[in-house]
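A.B. asks: For reference, the structure I am asking about is given below.
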């Protein structure tokens, strides 16, 4: 009987926290998702963790993924555009106390990259670049099987490479970042701007009745709406522009694309690959596989759990 | 008495080949530079190498830097926009036969990066990103003291990251590459375009009498010509845009900037740093030093020699 310790991975994704009880080999045993009200975040997170821990009885550590820059030396979130409330010195200590287990903070894209590398779309190669395209755009680099996080833990911020020097202002302070045109909220913004001029799409009906989301755009594209399809294809071209730059810079074996925007599947993967082919050096393009992630929404929880497991193991 | 073997480094830079006889510690003992006529390239290169080898009597290997993608497994130049004549399977064998010594082909920016890392502006840190800004824009990544060249040896091509999705066509086939606005020839092109509209600069006098160069623009900027100064500053902003993307992606300890365009000194370094500060994540900016190379024109010859020395040593 396998009695290796279990792990908990959590992903504070914005409105919700996802949590999973995970085996050492990355297999999910149980999962939960709860909408978070910022004032009771600690209690809610602790509740989820304790619930999962009680199902197992042998949880060794908790990995907690956050959409922000995490300084791994100090365990402090330095910047988080989407969750500014996590940017405070005490967070790690508060989580550890509330949960009552060893806690590792990790950038959510780093965690997702590690999950995909260990048991998902990154298996079988030495080096990958992972992109998480959702409410923001993050990324992570894995070299020789290890997260390569740069001199202070922040490497991989592909959402904030400049693809248009005269482009829109980004939440990060820069202008023309990839994230300003290819994240989920920017898909909605671009679609709205267009609909104000041309309301022939079925999206305009959604727009009149409720706030539509990037998922709605992808859904309408799947249903054959030309306008929605064009928005998804255009988004793929922007992402492909960023991927081409990554490939020219890193000549990396495999690019793994995850995050909610990739739920559009082939509709977005095909234009991404076409744009990379058009923009990247041909030998670099040919040396790279560009694939969608396999773990979907579970990438960060699985990866955060496995990273916490590695950290716990290296400590003992 | 030091009787460690000597090395020869060569840099096929376009119109000329530079060659240097180098000690194992990187110190240059002698150097040469010859204008090359493409038809007699092999003879001329062999002549330079034999001349330097005869001064030493104990040359172990020759490193040959080329502005192109070099496949290190096959020793073949795959792509070279500036020197397409080097893109042929037999080149390595021909050079080895003509010179009569062990020869290592290397991308010129990789070689320069290694030179700066070992004895120049890259000393004292673990990881650097090097940019060579001249007739083209190349780059190289050094991690933990070793060239990190990606899955097939092509990593570092920072000149071909897209900074303007709607920008000019590049020699590589892409549009809006950094190289289309920040290389030496593109400085001349941008200056010419402006001068056609506004001929108040002292550059317009150069333009009327002879083809001016990027060096001339830098020289006039140093003399206080406002127009030339603006062109150099604008170039610095473009370079800074690329550097900011590199910093956000790699969170690297130090950026070393070399190549002929950096001969403009502080006039270009200052706007580069300002633009990086404006565009990069603040924590990434603060974690990075941005410095000019120290080896000037000798970076590639020194680095190519030292890489050839390392390769010879690892063979024996």
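Protein chains in written order, with the working numbering: chain A, 1 to 316; chain B, 317 to 632.
We put the beta carbon where it would ideally sit given N, CA and C, even for glycine.
Everything numeric in this text was worked out from a predicted model, so none of it was measured.
1. Ordered along the chain, which non-local residues of its own chain (more than five positions away) have a Cβ less than 7 Å from that of residue 89/A?
2. Would you check if the distance between the CB atom of residue 45/A and the CB atom of residue 53/A is smaller than 8 Å?
3. Starting from residue 535/B and walking both ways along the alpha helix (DSSP H), at which residues does that stretch end?
4. How would you label residue 396/B, buried or exposed, when you count the other beta carbons within 10 angstroms and need 16 or more for buried?
5. Mind listing which residues of the segment 468-488 of chain B have their C-beta closer than 9 Å to chain A's C-betas, in chain order?
6. Closer than 9 Å, Cβ to any Cβ of chain A: which residues of the segment 343-374 of chain B, in chain order?
7. Quick test of your reading: residue 620/B and residue 422/B, contact by CB under 8 Å. State the CB separation rounded to the nearest angstrom.
8. Count the other C-beta atoms from every protein chain shown that fall within 10 angstroms of the C-beta of residue 452/B, then say buried if there are 16 or more, exposed otherwise.
9. Going by DSSP in three states, residue 366/B sits in which element: helix, strand or coil?
10. Would you decide whether residue 104/A is buried or exposed? Buried here means 16 or more other CB atoms lie within 10 Å of its CB.
11. Please confirm whether residue 223/A has its beta-carbon closer than 8 Å to some beta-carbon of chain B.
12. What did DSSP end up calling residue 591/B once you bin it into helix, strand or coil?
13. Among the residues of its own chain, which have a CB less than 8 Å from the CB of residue 557/B, if the five just before and after it don't count?
14. Comparing the CB of residue 533/B with every heavy atom of the ligand SAH, is any distance shorter than 7 Å?
15. Please state if the CB of residue 440/B and the CB of residue 611/B are separated by a distance shorter than 8 Å.
16. Excluding the five sequence neighbours on either side, which residues of its own chain have a C-beta within less than 7 Å of the C-beta of residue 71/A, listed in chain order?
17. Can you tell me where the alpha helix (DSSP H) with residue 407/B in it begins and where it stops?
18. What are the residues of the segment 496-515 of chain B that lie near chain A, defined by any Cβ-Cβ distance shorter than 7 Å?
19. Do the segment 595-605 of chain B and the segment 305-312 of chain A make contact, defined as three or more Cβ pairs closer than 8 Å?
20. Are residue 300/A and residue 19/A touching if we call contact CB-CB under 8 Å?
21. Which residue's Cα is closest to the Cα of residue 5/A: 167/A, 14/A, 27/A?
22. Just to confirm before moving on: does the CB-CB distance between residue 129/A and residue 476/B stay below 8 Å?
23. Mind listing the chain B neighbours of residue 89/A? Cutoff is C-beta to C-beta under 9 Å, in chain order.
24. Give me, in chain order, the residues of the same chain whose beta-carbon lies closer than 7 Å to that of residue 228/A; leave out the 5 immediate sequence neighbours on both sides.
25. What in chain A is Cβ-close to residue 393/B, meaning under 7 Å?
26. By the DSSP assignment, the alpha helix (DSSP H) with residue 510/B in it spans what residues?
27. Bridge partners for residue 387/B per DSSP, in chain order?
28. Residue 157/A and residue 399/B: beta carbons closer than 8 Å?
29. I'd like to know whether the C-beta atoms of residue 454/B and residue 425/B end up nearer to each other than 8 Å.
30. Report buried or exposed for residue 93/A, applying the criterion of at least 16 other Cβ atoms within 10 angstroms of its Cβ.
31. When you compare each of 447/B, 585/B, 407/B, 403/B to residue 575/B by their alpha carbons, which one comes out closest?
32. Give me the subset of the segment 572-603 of chain B whose CB atoms are less than 9 Å from a CB atom of chain A, sorted by chain position.
33. Applying a beta-carbon distance threshold of less than 8 Å, which residues of chain A neighbour residue 557/B?
34. Helix, strand or coil for residue 371/B, going by three-state DSSP, please let me know.
35. Pick from 43/A, 251/A, 183/A: whose alpha carbon is nearest that of residue 333/A?
36. Residues bridged to residue 164/A by DSSP?
C.D. replies: Short version:
1. For the purposes of this step, residue 89/A is identified with residue 89 of the first chain, where counting begins at 1. Cβ neighbours of residue 89/A beyond the five flanking positions: 76.
2. The residue given as residue 45/A occupies position 45 in the first chain. The residue given as residue 53/A occupies position 53 in the first chain. No, these two residues do not count as a Cβ contact at 8 Å.
3. Taking the second chain and counting its residues from 1, one reaches residue 535/B at position 219. Segment 530-538, the alpha helix (DSSP H) holding residue 535/B.
4. Stepping through the second chain from its first residue, residue 396/B is reached at position 80. Counting Cβ neighbours within 10 Å, residue 396/B comes out buried, since at least 16 surround it.
5. 468, 469, 470, 471, 472, 473, 474, 475, 476, 477, 478, 479, 480, 481, 482, 483, 488
6. none
7. Stepping through the second chain from its first residue, residue 620/B is reached at position 304. Stepping through the second chain from its first residue, residue 422/B is reached at position 106. That belief holds up - the Cβ atoms of residue 620/B and residue 422/B are roughly 5 Å apart, short of 8 Å.
8. If you number the second chain from 1, residue 452/B lands on position 136. So residue 452/B ends up on the buried side.
9. Position 50 of the second chain, counted from the first residue, corresponds to residue 366/B. Three-state result, residue 366/B: helix.
10. As a working mapping, residue 104/A is identified with position 104 in the first chain. Per the 10 Å Cβ criterion, buried.
11. The count along the first chain starts at 1 and reaches residue 223/A at position 223. With 8 Å as the cut-off, residue 223/A does not count as an interface residue toward chain B.
12. Taking the first residue of the second chain as position 1, residue 591/B is located at position 275. Three-state DSSP puts residue 591/B in a helix.
13. Position 241 of the second chain, counted from the first residue, corresponds to residue 557/B. Answer for residue 557/B: 479, 494, 591, 595, listed in chain order.
14. The model on display carries no ligand, and the ligand SAH is accordingly not part of it.
15. Mapped onto the second chain, residue 611/B falls at position 295. Mapped onto the second chain, residue 440/B falls at position 124. No.
16. Start at 1 with the first residue of the first chain, and residue 71/A comes out as number 71. Excluding residues within five positions, the ones whose Cβ falls inside 7 Å are 78, 152, 153.
17. Stepping through the second chain from its first residue, residue 407/B is reached at position 91. Start and end: 407-415.
18. none
19. no
20. Translated into the one-based positions of the first chain, residue 300/A becomes position 300. Translated into the one-based positions of the first chain, residue 19/A becomes position 19. Not a contact, by the Cβ cut-off of 8 Å.
21. Against the first chain, residue 5/A aligns to sequence position 5. Nearest of 167/A, 14/A, 27/A to residue 5/A, Cα basis: 27/A.
22. Taking the first residue of the first chain as 1, we reach residue 129/A at position 129. Taking the first residue of the second chain as 1, we reach residue 476/B at position 160. No, Cβ-Cβ distance for residue 129/A and residue 476/B is not below 8 Å.
23. Within the first chain, residue 89/A is the residue found at index 89, counting from 1. Ordered by position in chain B, no residue passes the 9 Å Cβ test against residue 89/A, which lies about 15 Å from the chain.
24. As a working note, residue 228/A is residue 228 in the first chain. Cβ neighbours of residue 228/A beyond the five flanking positions: 201, 203, 217, 220, 221.
25. On the second chain, residue 393/B is found 77 positions in, with the first residue counted as 1. The contacting residues do not exist; residue 393/B stays about 11 Å from chain A at best.
26. What you label residue 510/B is simply residue 194 of the second chain in a count that begins at 1. Unbroken alpha helix (DSSP H) run through residue 510/B: 500-511.
27. Position 71 of the second chain, counting from 1, holds the residue named residue 387/B. The partner list for residue 387/B (beta bridge, DSSP) reads 392/B.
28. Walking along the first chain from the start, residue 157/A turns up at place 157. Walking along the second chain from the start, residue 399/B turns up at place 83. Taking 8 Å as the Cβ cut-off, residue 157/A and residue 399/B do not qualify as a contacting pair.
29. Here the question's residue 454/B lines up with position 138 in the second chain. Here the question's residue 425/B lines up with position 109 in the second chain. Yes, the Cβ-Cβ distance between residue 454/B and residue 425/B is below 8 Å.
30. Reading the first chain from its first residue, position 93 is the one you call residue 93/A. Residue 93/A is exposed by the Cβ-count criterion.
31. Here residue 575/B refers to the residue found at position 259 of the second chain. For the residues 447/B, 585/B, 407/B, 403/B, the minimum Cα distance to residue 575/B belongs to 447/B.
32. 594, 595, 596, 597, 598, 599, 600, 602, 603
33. Taking the first residue of the second chain as position 1, residue 557/B is located at position 241. By Cβ distance, chain A contributes 162, 165.
34. Taking the second chain and counting its residues from 1, one reaches residue 371/B at position 55. DSSP places residue 371/B in helix when its eight states are reduced to three.
35. As shown, chain A starts at 1 and ends at 316. That puts residue 333/A outside it, with no answer to give.
36. Residue numbering aside, residue 164/A sits at position 164 when the first chain is read from its first letter. Residue 164/A pairs with 480/B.
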